[in-house]
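Going by the numbering used here, 447 is the number at position 429 of the first sequence; the sequence numbering is gapless.
We treat Cβ as the ideally placed atom computed from N, Cα and C, and that holds for glycine.
Shown next, in structure tokens, is the structure this report addresses.
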Amino acid sequence: MGNQEQQAKEKAAVAMDVIVSLCKRRGFIFPGSEIYDGLAGTYDYGPLGVELKNNVKRAWWKAMVQQRDDMEGVDAAILMNPRTWEASGHVSNFNDPMCDCKLSQKRYRADHLEPVEGLQKWALIETAGEGEEPTQFILPNPILARSKKEAKQFLQRLQEDVETFKNRRLSVSAPSESEEPFTGLRSPDYGGPLTEPRMFNLMLKTHCGPAEDSSTRVYLRPETAQGIFTNFLNVLNTSRRKLPFGIAQMGKSFRNEITPRNFIFRVREFEQMEIEFFCKPEEYCQPGERNDMEWWEYWLEARMNWYLDLGIRKENLKFRQHDDDELAHYAKACSDVNYLFPHGWDELEGIAHRSDFDLKQHQEFSGKDQSYFDPMLEKRYLPFVIEPSAGVDRGTLAFLIDAYREDEVKGQKRAYLSMHPALAPIKAAVLPLLKNRPEIVEKARALCGELKRFCNARYDDTAAIGKLYRRQDEIGTPFCITVDVESLEDGQATIRERDTMEQQRMPLENIPAYIREQLAAADAL
RNA sequence: GCGCGUGUAGCACAAUGGCUAGUGCAUCGGCCUUCCAAGCCGAGGAUACGGGUUCGAUUCCCGUCACGCGCUCCA
């Protein structure tokens, strides 16, 4: 075993607490609705967080849409005709019947349990206070009640009459067969009775229009993907595309997660970056054309490389291919890109081969032909779809965690975000060495103004230079430019690099071009 | 949703059934300061929310909310 268990225990080098604290302290991410004690599963992005998150999205859009010649973008409405979700399967499949074992209070999906038939094993449990006649209770599968204390807990949960068991001795006798045969659902752990199944619909509902009844019910989309599928024909007919090509979309999605957890990793309102890449099923491919499985493999690599190119360390990324029994019935394959989060390896993005399931469903539910006319073969068919579906918030969190570093400078701890320049919220900070020298301040402000023409630059003179550097380090600013007394005479200033802390001096008038070159070289403009 | 735990300033932490709830960092103002969290002076800022016990509650109890861990969930 070991291997999987060991992997499960692996954790990122930095604790989540450190990241949460940094995010709050520096204005990246705050708990949602904080002044009203928050709202579970929601977070708000602050001044630096919105820059970072927008940069993540910009980098994705640029690499996946603008720099490719086989991709179009859309921005569909969050609210969609409810039949969309009947077609997609979310109305029926996103509805999980859950029930709890009354003994162990463990939760099960009712539709995953096998009904049990036949005689059940029971045990007699006698309880008695001092000098009283023993009272008998029955308890299923007592073998798994490992102690009298546990048995007592079970009895209390079953009988709901706590007073009955106070200050009583318990004795557990050997199991026997009950008289009555039993058919139905029992908990698989203790064989105990279950609560009535309750439905957990993971879609959030609201309503559209003046009347608030079932006829006006709409859902907040649980994924952006369906807005792509429902626009497949629109895009096809207006973009003169031929297979293979993709449609990309970023936007908010909502899921009523049972347990929001791990900071912004699992939240109820989140943002997705999804691609539906429409390609030819193998049987329709010309010689030399990539077939559907080859496109799936292509996208695995393309998506992994995107994270690597933006600076995530290779050892913190891996694929996790879904087992066959884990796959949805229509899916031909699915792999996740996993990242080593502080809570362990977890999913950043799923890359699924969805066959023609979605278009077929929408074709059936809408009655509108969704097929593609292949001009070479002169026939119509439904394309297959490869779906790389990434979480913006999860990605943003991974970029933060992976960039976080600590080192030591002159015996003092230095915390910094070694973040890709394309993602850094602030690209350059201009710092006057002395703020009580108006000439220096004036030059510094002028330089900052020049930088702002093409990037997010910031002027700061509210502390001594060492502190100003550390501030910028902690929020990942790649370049600091310091204007000093000498600048007044030689017209030069110092550029200091974040990770190495190396400095170089150059003429003030060359600095904007230099910064611009550096950012362009990093593909960060 | 269940179980266990936690909740004190922007962040990290301390203390107490009773006197003005402390400390560090951070923030703001002033003085000073020629390149890596310097110094001095000053300022603002907190017991999550609601109820109960009590002469008195941040402390004890109950509820709510949020967070953490486990279960569950993750189409």
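Checklist entry - Ordered along the chain, which non-local residues of its own chain (more than five positions away) have a Cβ less than 6 Å from that of Leu57? => result The residue labelled residue 57 in the question sits at position 39 within the first sequence. Excluding residues within five positions, the ones whose Cβ falls inside 6 Å are Gly50 and Ser51.
Item to check | Assigned secondary structure, Arg43 (DSSP; H/G/I helix, E/B strand, else coil) | outcome: As a position in the first sequence, residue 43 is number 25, starting the count at 1. Note: Arg43 maps to helix in three-state DSSP.
Checklist entry - Is the stretch 234-249 in contact with the stretch 262-282, if contact means three or more CB pairs nearer than 8 Å? => result yes
Checklist entry - Does the stretch 419-426 come within contact of the stretch 78-85, defined as at least 3 CB pairs closer than 8 Å? => result no
Item to check | Alpha-carbon spacing of Gly45 relative to Glu405, whole angstroms | outcome: As a working note, residue 45 is residue 27 in the first sequence. As a working note, residue 405 is residue 387 in the first sequence. Approximately 33 Å, taken between the alpha carbons.
Next on the checklist: I need the DSSP call for Ala446, collapsed to helix, strand or coil.
Outcome noted: As a working note, residue 446 is residue 428 in the first sequence. If DSSP states are grouped into helix, strand and coil, Ala446 belongs with the strands.
Next on the checklist: Comparing C-alpha positions only, which one of Cys117, Glu520, Asn111 and Gly91 sits nearest to Ser257?
Outcome noted: What you label residue 257 is simply residue 239 of the first sequence in a count that begins at 1. That would be Gly91, whose Cα lies nearest to the Cα of Ser257.
Next on the checklist: If you measure between the beta carbons of Ala408 and Leu366, is that distance less than 8 Å?
Outcome noted: Taking the first residue of the first sequence as position 1, residue 408 is located at position 390. Taking the first residue of the first sequence as position 1, residue 366 is located at position 348. Result yes, Cβ atoms of Ala408 and Leu366 sit closer than 8 Å.
Item to check | Straight-line gap, Ala253 to Phe383 (C-alpha atoms, nearest Å) | outcome: Counting from one through the first sequence, the residue named residue 253 turns up at place 235. Counting from one through the first sequence, the residue named residue 383 turns up at place 365. First, the amino acid is wrong: residue 253 is Val here, not Ala. Roughly 20 Å between the two C-alpha positions.
Item to check | Minimum C-alpha distance to Tyr434 - residue among Glu104, Met519 and Gln510 | outcome: To locate residue 434, count along the first sequence from 1; it is residue 416. With distances taken between Cα atoms, Tyr434 lies closest to Met519.
Item to check | Cα-Cα separation between Met311 and Glu515, rounded to whole angstroms | outcome: Against the first sequence, residue 311 aligns to sequence position 293. Against the first sequence, residue 515 aligns to sequence position 497. Answer to the nearest angstrom: the Cα atoms are 44 Å apart.
Checklist entry - Should Val32 go down as buried or exposed, given a rule of 16 or more other Cβ atoms within 10 Å for buried? => result As a first step, residue 32 is located in the first sequence; it is residue number 14 there, counting from the start. With 16 or more Cβ atoms within 10 Å of its Cβ, Val32 is classed as buried.
Checklist entry - Ser271 by DSSP, collapsed to three states: which one? => result Numbered from 1 along the first sequence, position 253 holds the residue referred to as residue 271. Ser271: strand per DSSP, three-state reduction.
Item to check | The beta strand (DSSP E) enclosing Ser353, as first and last residue numbers | outcome: What you label residue 353 is simply residue 335 of the first sequence in a count that begins at 1. Run containing Ser353: Ala351 to Phe359, per the beta strand (DSSP E) assignment.
Item to check | Host alpha helix (DSSP H) of Ile458 (start-end) | outcome: On the first sequence, position 440 is the one that residue 458 refers to. Taken as a continuous stretch (DSSP letters only), the alpha helix (DSSP H) holding Ile458 covers Pro456 to Lys470.
Item to check | Same chain, Cβ closer than 8 Å to Glu181, five either side skipped, listed in chain order | outcome: Counted from its first residue, the first sequence places residue 181 at position 163. Below a pLDDT of 50, predicted positions are generally treated as unreliable, and Glu181, at 47, falls in that range; no measurement from the model is reported.
Checklist entry - Counting only runs that start and end within the stretch 374-418, where is the beta strand (DSSP E) found for 3 or more residues in a row? => result 390-392, 397-399 and 402-409
Item to check | Start-to-end residues for the alpha helix (DSSP H) that takes in Ile246 | outcome: To locate residue 246, count along the first sequence from 1; it is residue 228. Element bounds for Ile246: Ala243 to Phe247.
Item to check | Chain-order list of residues whose beta-carbon lies under 6 Å from that of Ile10 (same chain, five-residue window excluded) | outcome: For residue 10 there is no data in the structure shown, the boundaries of the chain being 19 and 543.
Item to check | Beta-carbon gap between Lys71 and Val285 smaller than 8 Å | outcome: As a first step, residue 71 must be located in the first sequence, where it is residue number 53. As a first step, residue 285 must be located in the first sequence, where it is residue number 267. Not closer than 8 Å, so no.
Next on the checklist: Does Val427 come out as helix, strand or coil in the three-state DSSP assignment?
Outcome noted: Locating residue 427 in the first sequence gives position 409, where the first residue counts as 1. Val427 falls in the strand class under three-state DSSP.
Checklist entry - Nearest to Ala30 by alpha carbon, out of Ile419, Asn528, Pro439 and Ile282? => result One-based indexing of the first sequence puts residue 30 at position 12. Nearest option by C-alpha distance: Ile419.
Checklist entry - What's the call for Arg372, buried or exposed, on a 16-neighbour Cβ count within 10 Å? => result Locating residue 372 in the first sequence gives position 354, where the first residue counts as 1. By the 10 Å Cβ count, Arg372 comes out buried.
Checklist entry - For Asn274 versus Met221, is the C-beta spacing smaller than 8 Å? => result If you number the first sequence from 1, residue 274 lands on position 256. If you number the first sequence from 1, residue 221 lands on position 203. The answer is yes: Cβ separation under 8 Å.
Item to check | Whole-Å CB distance - Leu451 paired with Ile483, under 8 Å assumed | outcome: By 1-based counting over the first sequence, the position of residue 451 is 433. By 1-based counting over the first sequence, the position of residue 483 is 465. At roughly 6 Å, the Cβ-Cβ gap stays under 8 Å, so Leu451 and Ile483 are in contact.
Checklist entry - At which residues does the alpha helix (DSSP H) containing Tyr487 begin and terminate? => result Against the first sequence, residue 487 aligns to sequence position 469. Per DSSP, Tyr487 belongs to the alpha helix (DSSP H) from Ile483 to Glu492.
Next on the checklist: As a quick exercise: from Ile246, Gly107, Asn249 and Lys298, pick the residue whose alpha carbon is nearest that of Asn219.
Outcome noted: Taking the first sequence and counting its residues from 1, the one referred to as residue 219 is at position 201. Of Ile246, Gly107, Asn249 and Lys298, the residue nearest in Cα terms is Gly107.
Checklist entry - By how many angstroms is the C-alpha of Gly59 removed from the C-alpha of Val109? => result Counting from 1 along the first sequence, the entry for residue 109 is found at position 91. Counting from 1 along the first sequence, the entry for residue 59 is found at position 41. Computed Cα separation, rounded: 22 Å.
Item to check | Secondary structure of Gly17, DSSP reduced to three states | outcome: Limits of the chain in this structure are 19 at one end and 543 at the other, which puts residue 17 out of reach.
Checklist entry - Near Tyr390, what residues of its chain come up, given a Cβ to Cβ distance below 8 Å and the 5 sequence neighbours on each side ignored? => result In the first sequence, the residue the question calls residue 390 occupies position 372. Excluding sequence neighbours, Tyr390 sits near Leu254, Leu261, Phe296, Arg398, Tyr399, Leu400 and Pro401.
Checklist entry - In three-state DSSP terms, what is Val236? => result Residue numbering aside, residue 236 sits at position 218 when the first sequence is read from its first letter. In the structure shown, Val236 sits in a strand (DSSP, three-state: E or B).
Checklist entry - Does the Cβ of Glu69 have 16 or more other Cβ atoms within 10 Å, making it buried, or fewer, making it exposed? => result Stepping through the first sequence from its first residue, residue 69 is reached at position 51. With 16 or more Cβ atoms within 10 Å of its Cβ, Glu69 is classed as buried.
Checklist entry - Which ranges would you report for the alpha helix (DSSP H) in the stretch 272-312 if only whole runs of at least 4 residues count? => result none
Item to check | Rounded distance between the beta-carbons of Gly413 and Val74, thought under 8 Å | outcome: On the first sequence, position 56 is the one that residue 74 refers to. On the first sequence, position 395 is the one that residue 413 refers to. Going by Cβ atoms, the distance from Val74 to Gly413 rounds to 6 Å, so yes, they are a contact pair.
Item to check | Close-in-space but distant-in-sequence residues of the same chain around Ala105 (CB under 6 Å, 5 per side omitted) | outcome: Here residue 105 corresponds to residue number 87 of the first sequence, with the count starting at 1. Answer for Ala105: Gln379, His380 and Phe383, listed in chain order.
Item to check | Of the listed residues Leu358, Thr500, Ala351 and Cys466, nearest to Gln521 (C-alpha basis) | outcome: Against the first sequence, residue 521 aligns to sequence position 503. Ranking the options by Cα distance to Gln521, first place goes to Thr500.
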